[in-house]
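J.:
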Amino acid sequence: MNTVEFIDKITQLSQSKNPKWAEIFKNCFTNTLETTVKKQEDGTYYVFTGDIPAMWLRDSVAQVRPYLVLANEDEEIKEMIHGLVQRQFDFINKDPYANAFNEEANSAGHQTDQTQMSPWVWERKYEIDSLCYPIQLAYLYYLATGESSHFDETFVRGVEKILDLWKVEQNHANSPYNFIRDTWRKEDTLVNDGKGPKFAVTGMTWSGFRPSDDACIYSYLVPSNMFAVVVLGYLEDIFSTILPQPALLEKAITLKKEIQQGIDEYALVKNQKGEKIFAYEVDGLGNASIMDDSNVPNLMSAAYIGYCKRDDETYLNTRKTLLSKENPYYYEGAYLKGIGSSHTPENYVWPIALAIQGLTAQTKEEKEEILNMLANADANTFAMHEGVDVNNPENFTREWFSWANMMFCELVMDYFDIRVKTGR
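Numbering (this note's numbering), first residue to last: 1016 to 1439.
1. Leaving out the 5 sequence neighbours to the left and right, which residues in its chain are closer than 6 Å to residue 1092 when beta-carbon positions are compared?
2. Can you check DSSP and say which residues form a bridge with residue 1345?
3. Counting only runs of 4+ residues fully inside the segment 1078 to 1127, write out the alpha helix (DSSP H) ranges in chain order.
4. Tell me whether residue 1345, by its Cβ, gets closer than 7 Å to a heavy atom of the ligand ZN.
5. Roughly how many whole angstroms lie between the Cα atoms of residue 1384 and residue 1172?
6. Would you list the one or two residues that DSSP bridges to residue 1065?
7. Would you tell me roughly how many angstroms separate the C-alpha atoms of residue 1322 and residue 1150, rounded to the nearest one?
8. Determine whether the beta carbon atoms of residue 1413 and residue 1065 lie at a separation below 8 Å.
9. Hey, would you say residue 1077 sits closer than 8 Å to residue 1117, going by beta carbons?
10. Can you name the residues that DSSP bridges to residue 1303?
11. Smallest Cα separation from residue 1224: which of 1138, 1332 and 1075?
12. Candidates 1433, 1294 and 1107: which alpha carbon is nearest residue 1146's?
13. For residue 1247 and residue 1271, what's the separation of their Cα atoms in angstroms?
14. Which residue or residues does DSSP assign as beta-bridge partners of residue 1285?
15. Less than 8 Å between the beta carbons of residue 1296 and residue 1231, yes or no?
16. Considering Cα atoms alone, identify which of 1043, 1175, 1119 and 1406 is closest to residue 1054.
17. From what residue to what residue does the beta strand (DSSP E) around residue 1137 run?
18. Give the DSSP bridge partners of residue 1376, in chain order.
19. Using CA atoms only, rank isn't needed, just tell me which of 1365, 1190 and 1301 is closest to residue 1227.
20. With respect to the beta strand (DSSP E) encompassing residue 1040, which residues constitute its N-terminal and C-terminal limits?
21. Using 10 angstroms around the beta-carbon of residue 1373, count the other beta-carbons present and answer buried if the total reaches 16, otherwise exposed.
22. Using DSSP with H/G/I as helix, E/B as strand and the rest coil, what is residue 1129?
23. Check residue 1340 in the structure and name its three-state DSSP category.
24. What does residue 1267 pair with, by DSSP beta-bridge criteria?
25. Are at least three pairs of beta-carbons, each pair with one atom in the segment 1119 to 1129 and one in the segment 1236 to 1246, less than 8 Å apart?
26. Could you tell me how far apart the beta carbons of residue 1043 and residue 1398 are, in whole angstroms, since I believe they sit closer than 8 Å?
27. How many angstroms separate the CA atom of residue 1203 from the CA atom of residue 1348?
28. Please report how far the alpha carbon of residue 1313 lies from the alpha carbon of residue 1238, in whole angstroms.
29. State the CB to CB distance for the pair residue 1178 and residue 1100, rounded to an integer number of angstroms; the pair is presumed to be in contact (CB under 8 Å).
30. Tell me which residues share the same chain as residue 1264 and place their Cβ nearer than 7 Å to its Cβ, disregarding the 5 neighbours each side in the sequence.
31. Whole angstroms is fine: what's the gap from residue 1181's alpha carbon to residue 1221's?
32. Using a Cβ-Cβ cutoff of less than 7 Å, which residues in the same chain neighbour residue 1061 once the five nearest sequence positions on both sides are dropped?
33. Leaving out five residues before and five after residue 1354 in sequence, what residues of the same chain have Cβ atoms less than 6 Å from its Cβ?
34. Just the C-alpha distance for residue 1268 and residue 1259, rounded to the nearest angstrom, thanks.
35. Give the range of the beta strand (DSSP E) segment to which residue 1408 is assigned.
36. In the DSSP assignment, find the unbroken alpha helix (DSSP H) run with residue 1170 in it and report its ends.
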């Protein structure tokens, strides 16, 4: 089945539910391929985030993830994802602390930031998830196709850099990384001369920034550490059975155990009802934030990324808390209700967050409600956006945001029981 046939299939399935789902799906599913994916001379692929001329390691994975369901049947899709994995690990080898890269060494982007910039790097905000996502895509591509040629020397060197970095950042006092941006926006720079807030060693690995590219308030970003645990499990499988690498296998197993112990010891807190939930960020010094952000990984996505089951008691308590006023970024209005972000104005809900809520829902009814909410709040653009005003969908941020578009597509697919393979 190719992309045209797949879109036709989704269109047929959507007719009995809401035909607009199909219209938005068709626009989003084709737009990403037509406007953000670019083949390079070396055969690799570069994926623009949308209205910014750069490739984020995180966004580029989320943008192509729904296409994995076609990777074993459509050779063009297969080639594209394979080439993207190769490009991502080439970038990681250039700078594992960077989150966004230029198509070529043209010195575009935030070159005035006080950190170790290079002509290849658009932005160098260190985020754990920027290293989790490429490992995830490499593994899910293997599961979808049985292909393993992308587990090559570039991949192995990239993984070595990732494991070494995560080990160093278990105690950020030993880190070479710092980041200062001359800006009025405090979320875009790190305190303490670019080293970040105070912390205690916990076993978890440190992150300077969230998946929103906003600075962490506390140094241990729990959902990103959860994601690290998941992808370290992928590396266990890769380096034990697919590409035996005893030394890397031992490193991955040890890191996974230590990070999980850190989550168990420091990331569990009580909500206002006295129920045990996951904190969003902690510092190991007794401080914790009860909230969620829209960008993935977030706490809502713990079941989506494979960290826990959808019916896990602590996860359900956390989910219920996040979808309440106890979460300072939960908003309700005439058109939308859901989770927003400090990255966008107050009372703006993110379609990405709504899609994750739907993808982790236990009932078709909740999934359908969210899909209809999103379809009714597209401002007749047949596309998703970054944040949308809960009371007026005509007010939104980012007209062209491929990550959000593809999250809507994945939720439509999920509703019709079409899912990316995530386990053997």
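We treat Cβ as the ideally placed atom computed from N, Cα and C, and that holds for glycine.
The structure displayed is predicted, hence computed values, not measured ones.
T.: On the basis of the supplied data:
1. As a position in the sequence shown, residue 1092 is number 77, starting the count at 1. Same-chain partners within the cutoff: 1082, 1085 and 1086.
2. Counting from one through the sequence shown, the residue named residue 1345 turns up at place 330. Answer is 1354, bridged to residue 1345.
3. 1090 to 1109
4. As for the ligand ZN, it is missing from this structure, which has no ligand bound.
5. Residue mapping note: residue 1384 aligns to position 369 of the sequence shown, counting from 1. Residue mapping note: residue 1172 aligns to position 157 of the sequence shown, counting from 1. The straight-line gap from Cα to Cα measures roughly 45 Å.
6. Reading the sequence shown from its first residue, position 50 is the one you call residue 1065. BP columns for residue 1065 point to 1416.
7. Taking the sequence shown and counting its residues from 1, one reaches residue 1322 at position 307. Taking the sequence shown and counting its residues from 1, one reaches residue 1150 at position 135. If I take the Cα positions, the gap works out to 15 Å.
8. For the purposes of this step, residue 1413 is taken as the residue at position 398 of the sequence shown. For the purposes of this step, residue 1065 is taken as the residue at position 50 of the sequence shown. Contact flag set, yes.
9. On the sequence shown, position 62 is the one that residue 1077 refers to. On the sequence shown, position 102 is the one that residue 1117 refers to. Result no, Cβ atoms of residue 1077 and residue 1117 do not sit closer than 8 Å.
10. If you number the sequence shown from 1, residue 1303 lands on position 288. According to DSSP, residue 1303 bridges with 1297.
11. Counting from 1 along the sequence shown, the entry for residue 1224 is found at position 209. Nearest option by C-alpha distance: 1138.
12. Walking along the sequence shown from the start, residue 1146 turns up at place 131. Ranking 1433, 1294 and 1107 by Cα distance to residue 1146 puts 1107 first.
13. In the sequence shown, counting from the first residue as 1, residue 1247 sits at position 232. In the sequence shown, counting from the first residue as 1, residue 1271 sits at position 256. Residue 1247 and residue 1271: Cα-Cα distance of roughly 6 Å.
14. Working through the sequence shown from its first residue, we reach residue 1285 at position 270. Residue 1285 pairs with 1291.
15. Along the sequence shown, read from residue 1 onward, the residue named residue 1296 stands at position 281. Along the sequence shown, read from residue 1 onward, the residue named residue 1231 stands at position 216. Their beta carbons are under 8 Å apart, which means residue 1296 touches residue 1231 by this criterion.
16. Translated into the one-based positions of the sequence shown, residue 1054 becomes position 39. Of the candidates 1043, 1175, 1119 and 1406, the one whose C-alpha sits nearest the C-alpha of residue 1054 is 1119.
17. Looking up residue 1137 in the sequence shown gives position 122. Unbroken beta strand (DSSP E) run through residue 1137: 1136 to 1138.
18. On the sequence shown, residue 1376 is found 361 positions in, with the first residue counted as 1. Per DSSP, none; premise fails for residue 1376.
19. Position 212 of the sequence shown, counted from the first residue, corresponds to residue 1227. The option with the nearest alpha carbon to residue 1227 is 1365.
20. Locating residue 1040 in the sequence shown gives position 25, where the first residue counts as 1. Where residue 1040 is concerned, there is no enclosing beta strand (DSSP E), although the alpha helix (DSSP H) it sits in stretches over 1034 to 1050.
21. Sequence index remark: in the sequence shown, residue 1373 carries index 358 (1-based). That one is buried.
22. Locating residue 1129 in the sequence shown gives position 114, where the first residue counts as 1. Three-state DSSP puts residue 1129 in a strand.
23. Within the sequence shown, numbered from 1, the residue matching residue 1340 stands at position 325. Residue state, collapsed to three classes: coil.
24. Counting from one through the sequence shown, the residue named residue 1267 turns up at place 252. DSSP, once it has assigned bridges, lists no residue as partnering residue 1267.
25. no
26. Translated into positions along the sequence shown, residue 1043 becomes position 28. Translated into positions along the sequence shown, residue 1398 becomes position 383. Contact holds; Cβ gap of about 6 Å.
27. Indexing the sequence shown from 1 puts residue 1203 at position 188. Indexing the sequence shown from 1 puts residue 1348 at position 333. C-alpha separation (whole angstroms): 29 Å.
28. Within the sequence shown, residue 1313 is the residue found at index 298, counting from 1. Within the sequence shown, residue 1238 is the residue found at index 223, counting from 1. Whole-angstrom Cα-Cα distance: 5 Å.
29. For the purposes of this step, residue 1178 is taken as residue 163 along the sequence shown, with counting starting at 1. For the purposes of this step, residue 1100 is taken as residue 85 along the sequence shown, with counting starting at 1. That belief does not hold up - the Cβ atoms of residue 1178 and residue 1100 are roughly 18 Å apart, past 8 Å.
30. What you label residue 1264 is simply residue 249 of the sequence shown in a count that begins at 1. 1251, 1254 and 1255, listed in sequence order.
31. Your numbering for residue 1181 matches position 166 in the sequence shown. Your numbering for residue 1221 matches position 206 in the sequence shown. Whole-angstrom Cα-Cα distance: 8 Å.
32. On the sequence shown, position 46 is the one that residue 1061 refers to. 1053, 1055, 1070, 1102 and 1118.
33. Within the sequence shown, the letter at position 339 stands for residue 1354. Here the set comprises 1307, 1309, 1344, 1345 and 1368.
34. Indexing the sequence shown from 1 puts residue 1268 at position 253. Indexing the sequence shown from 1 puts residue 1259 at position 244. Answer to the nearest angstrom: the Cα atoms are 14 Å apart.
35. Taking the sequence shown and counting its residues from 1, one reaches residue 1408 at position 393. Segment 1407 to 1411, the beta strand (DSSP E) holding residue 1408.
36. Counting from 1 along the sequence shown, the entry for residue 1170 is found at position 155. Looking at the DSSP string, the run of the alpha helix (DSSP H) that includes residue 1170 is 1168 to 1183.
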